[in-house]
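K.L.:
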Amino acid sequence: MAENFTFELVSPESLLLSGEAEMVTIPGVEGDMGVLAKHAAVMTSLRPGLVGVTMGDGSQSAYFVRGGFADITPTSVTVLAEYAVPKEDMTKELWEEQKRIAQEEYDLHHAAGDEEKRLAARSYLDQLNHLEPVVLPA
Amino acid sequence: MASLKDLRNRIVSVKATQKITKAMQMVAAAKLRRAQTAAEAARPYSQRMDAVMANIAGAIGDDKSSAPKLLAGTGSDQTHLLIIATAERGLCGGFNSSIARLGRDHARELMAAGKTVKILCVGKKGADVLRSEFDDIMLPLVDLREVKNVGYNNASDIAHQVLAMFSAEEFDVATLFYSEFQSVISQVPTAQQIIPPSIPEVEEEADSASTFYDYEPDENEILADLLPSNVTVQIFRALLENAASEQGARMSAMDNATRNAGEMIDKLTRDFNRQRQAQITTELIEIIAGAEAL
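Going down the list, the protein sequences come from chains A and H.
Position 98, counted from 1, in the first sequence is what the numbering used here calls 89; the numbers after and before it change by one each time, with no gaps.
Position 277, counted from 1, in the second sequence is what the numbering used here calls 1613; the numbers after and before it change by one each time, with no gaps.
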């Protein structure tokens, strides 16, 4: 029996999930990482993607997250997402909304001529497009 | 002395008013419940955020020179931005005016100390109060009238505006004014400095853990992400607290109004009855006097 740790997924609007988890996969900016109990303490920012959770009782769930951080300690993992939705609740409309926000952000920086931010927004948009087939079942 | 007809009309109109205030009270109670749930749901996030902030600030240490300006400040405190968040609607007791008053006192104090003050009003009612005195230093009002339930994106719009001003070096210190919700009868107007943020004291335990943290990417990059979202979170929290406070204040104000209307109805009814009786007595006297004269 694998060891469990405390896992919390919070967005500004609510506490989405809180409980004992066996494993969590987190889309960090420098790559996805799978976290088990007794992981070294890491603080990472997130890129848009899916957080996968295997709870202590073996049930699995996935959440789409955008922006924010994960705070990992040997005994707990806290994901602070700026936006989080359970994967099964993700609809075409919500997804289009996300893309629209990203596009607006890009246009804004494009118009302002802020090269660094424009590139960041560009890569964010690309990431969203990559994710589309994963998040939205056909 | 008002005539019987006048009195009857007044009673009818006060009763109609009482019905309205009663309805407003009930609406406020229902909205309060929703606002309170929203405020409570947002609490874990801002608590975790505070913890993370404390951790990182601890890791960066006292070397403020390398820290980003959003954390350490610009090194001056000449220009102050006051963000004053009030409601869009009135009829909620002293809610709007007490926040506005706190902001005004603060602004006067700063001006007396020779600082430059800019005011950003969120919500129309506060702006109405402050306009007469500070019209020339007020920034365009942030209008949330169309917004039914305050969302994170509203807060993030305001935060974007504030951060853009900060990076354009339009102010050094930003303070947020809102009303903290304690209970239905008590809302406390609060001032909170958000730029540079007042870092919560790092607890002993958290401190020892933070020394072993690995950062991906490095501290500074995380910090560069974290600080703006901290501003957003603080504003979001203030808006939610405000929403709950507003409904709480409105509920107790309307409760008072309903009670006052009830008292007024009682008094008017008493006057009405007294006068009716007086009229009957007069009529009787007239009849008796007439009969005796025969």
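Each residue gets a CB set at the ideal place from its N, CA and C atoms; glycine is no exception.
1. With DSSP collapsed to three states, give me the class of Ser51/A.
2. Using a Cβ-Cβ cut-off of less than 8 Å, give me the residues of the segment 58 to 76 of chain A that come near chain H, in sequence order.
3. By DSSP's criteria, Tyr74/A is part of a beta bridge. Which residues make up the other side?
4. Taking contact to mean 3 or more Cβ pairs, one atom from each stretch, closer than 8 Å, check whether the segment 1485 to 1502 of chain H and the segment 1465 to 1472 of chain H are in contact.
5. For Thr1605/H, which three-state DSSP category applies?
6. Name the two residues that bound the continuous alpha helix (DSSP H) containing Gln1414/H.
7. Looking at Pro39/A and Leu122/A, is the spacing between their C-beta atoms short of 8 Å?
8. Residues in its own chain within less than 7 Å of Tyr1551/H by CB, not counting five upstream and five downstream?
9. Does DSSP put Glu1539/H in a helix, in a strand, or in coil?
10. Please classify Gln1361/H as buried or exposed, where buried requires at least 16 other C-beta atoms within 10 Å of its C-beta.
11. Fully enclosed by the segment 1441 to 1479 of chain H, which beta strand (DSSP E) runs are 3 residues long or longer?
12. Tell me whether Ala1545/H sits in a helix, a strand or coil according to DSSP, three-state version.
13. Where do the N-terminal and C-terminal ends of the alpha helix (DSSP H) with Pro124/A fall, by residue?
14. Per DSSP, Glu(-1)/A is paired with what?
15. By a C-beta neighbour count over all protein chains shown, 10 Å radius and 16 as the cutoff for buried, is Asp62/A buried or exposed?
16. If the cut is a Cβ gap below 8 Å, which residues of chain H does Met81/A touch?
17. If the criterion is Cβ atoms closer than 8 Å, does the pair Arg1384/H and Val33/A meet it?
18. Specify the secondary structure class of Glu(-6)/A as computed by DSSP and reduced to three states.
19. If we cut at 8 Å on Cβ distances, does Phe1572/H have a partner in chain A?
20. Which two residues bound the contiguous alpha helix (DSSP H) that contains Asp1493/H?
21. Given a limit of 9 Å on CB to CB distance, which residues of the segment 1491 to 1520 of chain H reach chain A?
22. Taking Cβ positions, are Met1590/H and Thr1422/H nearer each other than 8 Å?
23. With 8 Å set as the bound, which would you pick, yes or no: does the beta-carbon of Pro1404/H sit closer than that to a beta-carbon of chain A?
24. When you compare the CB of Glu1552/H with every CB in chain A, is at least one pair closer than 8 Å?
25. Counting along the chain, where does the beta strand (DSSP E) carrying Ile1530/H start and finish?
26. I need the straight-line Cα distance from Leu1438/H to Asn1490/H, nearest angstrom please.
27. Taking DSSP as the reference, what is the three-state secondary structure of Thr1618/H?
28. On the DSSP letters alone, give me the boundaries of the alpha helix (DSSP H) that Ala102/A sits inside.
29. Taking Leu41/A as part of the beta strand (DSSP E), name the residues at either end of that continuous run.
30. Around the Cβ of Ala1627/H, are there at least 16 other Cβ atoms within 10 angstroms (buried) or fewer (exposed)?
31. Mark Pro1532/H as exposed unless 16 or more other C-beta atoms lie within 10 angstroms of its C-beta, in which case mark it buried.
32. Identify whether Pro18/A lies in helix, strand or coil by the three-state DSSP scheme.
33. Count the CB pairs spanning the segment 62 to 75 of chain A and the segment 1342 to 1359 of chain H that are closer than 8 Å, and state whether there are at least three.
34. So if DSSP puts Phe1431/H in a beta bridge, which residue, or which two residues, is it bridged to?
35. Name the chain A residues whose beta carbon is nearer than 9 Å to that of Leu1604/H?
36. Do Ala1377/H and Gln1583/H have their CB atoms nearer than 8 Å?
P.N.:
Inspection of the coordinates gives the following:
1. Sequence index remark: in the first sequence, residue 51/A carries index 60 (1-based). Position check: residue 51/A holds Gln in this sequence, whereas Ser was assumed. Under the three-state reduction of DSSP, Gln51/A is assigned to strand.
2. Those residues of the segment 58 to 76 of chain A that come within reach of chain H (Cβ to Cβ, closer than 8 Å) are Gly58, Gly59, Phe60, Asp62, Thr64, Thr69, Leu71, Glu73 and Tyr74.
3. Numbered from 1 along the first sequence, position 83 holds the residue referred to as residue 74/A. Under the DSSP definition of a beta bridge, Tyr74/A partners with Arg57/A.
4. Flag = no, the segment 1485 to 1502 of chain H and the segment 1465 to 1472 of chain H do not touch.
5. Here the question's residue 1605/H lines up with position 269 in the second sequence. In the structure shown, Thr1605/H sits in a helix (DSSP, three-state: H, G or I).
6. Within the second sequence, residue 1414/H is the residue found at index 78, counting from 1. Neither: Gln1414/H is in no alpha helix (DSSP H) and is coded neither H nor E.
7. Numbered from 1 along the first sequence, position 131 holds the residue referred to as residue 122/A. Numbered from 1 along the first sequence, position 48 holds the residue referred to as residue 39/A. A contact, by the Cβ cut-off of 8 Å.
8. For the purposes of this step, residue 1551/H is taken as residue 215 along the second sequence, with counting starting at 1. So the qualifying residues of the chain are Ile1558.
9. Locating residue 1539/H in the second sequence gives position 203, where the first residue counts as 1. Reliability of the predicted coordinates at Glu1539/H is poor, the pLDDT of 47 falling under 50, and the value obtained from them is presented with this limitation in mind. DSSP places Glu1539/H in coil when its eight states are reduced to three.
10. By one-based count along the second sequence, residue 1361/H stands at place 25. Buried, because 16 or more other Cβ atoms sit within 10 Å of the Cβ of Gln1361/H.
11. Counting only runs of 3 or more, we get 1452 to 1458.
12. Here residue 1545/H refers to the residue found at position 209 when the second sequence is read from its first residue. Only weak support is given to the placement of Ala1545/H: the predicted model assigns it a pLDDT of 46, under 50, and the question is left unresolved by the model.
13. On the first sequence, position 133 is the one that residue 124/A refers to. Going by DSSP, Pro124/A is part of the alpha helix (DSSP H) stretching over Glu106 to Val126.
14. Position 8 of the first sequence, counting from 1, holds the residue named residue -1/A. Residue pairing of Glu(-1)/A in beta bridges, as defined by DSSP: Ser9/A and Thr69/A.
15. One-based indexing of the first sequence puts residue 62/A at position 71. Of the residues assessed, Asp62/A falls on the buried side of the cut-off, its CB having 16 or more other CB atoms within 10 angstroms.
16. Within the first sequence, numbered from 1, the residue matching residue 81/A stands at position 90. Counting only Cβ-Cβ distances below 8 Å, Met81/A has no contacts in chain H at all, with the closest Cβ about 17 Å away.
17. Here residue 1384/H is taken as the residue at index 48 of the second sequence, counted from 1. Here residue 33/A is taken as the residue at index 42 of the first sequence, counted from 1. No, these two residues do not count as a Cβ contact at 8 Å.
18. Here residue -6/A corresponds to residue number 3 of the first sequence, with the count starting at 1. In the structure shown, Glu(-6)/A falls within a coil segment according to DSSP collapsed to helix, strand and coil.
19. Taking the second sequence and counting its residues from 1, the one referred to as residue 1572/H is at position 236. At least one chain A Cβ lies under 8 Å of Phe1572/H.
20. As a first step, residue 1493/H must be located in the second sequence, where it is residue number 157. Looking at the DSSP string, the run of the alpha helix (DSSP H) that includes Asp1493/H is Tyr1488 to Ser1503.
21. Under the 9 Å Cβ criterion, the segment 1491 to 1520 of chain H contributes Ala1491 and Ser1492.
22. Along the second sequence, read from residue 1 onward, the residue named residue 1590/H stands at position 254. Along the second sequence, read from residue 1 onward, the residue named residue 1422/H stands at position 86. Their beta carbons are not under 8 Å apart, which means Met1590/H does not touch Thr1422/H by this criterion.
23. Numbered from its first residue, the second sequence carries residue 1404/H at position 68. The beta carbon of Pro1404/H sits no closer than 8 Å to any beta carbon of chain A.
24. Position 216 of the second sequence, counted from the first residue, corresponds to residue 1552/H. Judged by the 8 Å Cβ criterion, Glu1552/H is in contact with chain A.
25. Taking the second sequence and counting its residues from 1, one reaches residue 1530/H at position 194. Boundaries of the beta strand (DSSP E) around Ile1530/H: Ser1522 to Ile1531.
26. Position 102 of the second sequence holds residue 1438/H. Position 154 of the second sequence holds residue 1490/H. As the crow flies, the alpha-carbon of Leu1438/H is around 24 Å from that of Asn1490/H.
27. Reading the second sequence from its first residue, position 282 is the one you call residue 1618/H. The answer is helix: DSSP assigns Thr1618/H an H, G or I state.
28. The residue you call residue 102/A lines up with position 111 of the first sequence. It spans Lys83 to Ala103 - the alpha helix (DSSP H) in which Ala102/A sits, taken as one unbroken run.
29. The residue labelled residue 41/A in the question sits at position 50 within the first sequence. Residues Gly40 to Met46.
30. Residue 1627/H sits at position 291 when you count from the first residue of the second sequence. Under the 10 Å beta carbon count, Ala1627/H is surrounded by fewer than 16 other beta carbons and is classified as exposed.
31. For the purposes of this step, residue 1532/H is taken as the residue at position 196 of the second sequence. With a threshold of 16 other beta carbon atoms within 10 Å, Pro1532/H meets it and is buried.
32. To locate residue 18/A, count along the first sequence from 1; it is residue 27. Under the three-state reduction of DSSP, Pro18/A is assigned to strand.
33. Because the criterion of three Cβ pairs below 8 Å is not met, the segment 62 to 75 of chain A and the segment 1342 to 1359 of chain H do not touch.
34. Against the second sequence, residue 1431/H aligns to sequence position 95. Per DSSP, none; premise fails for Phe1431/H.
35. Numbered from its first residue, the second sequence carries residue 1604/H at position 268. Neighbours of Leu1604/H on chain A: none; closest Cβ ~49 Å, over 9 Å.
36. Position 41 of the second sequence holds residue 1377/H. Position 247 of the second sequence holds residue 1583/H. No.
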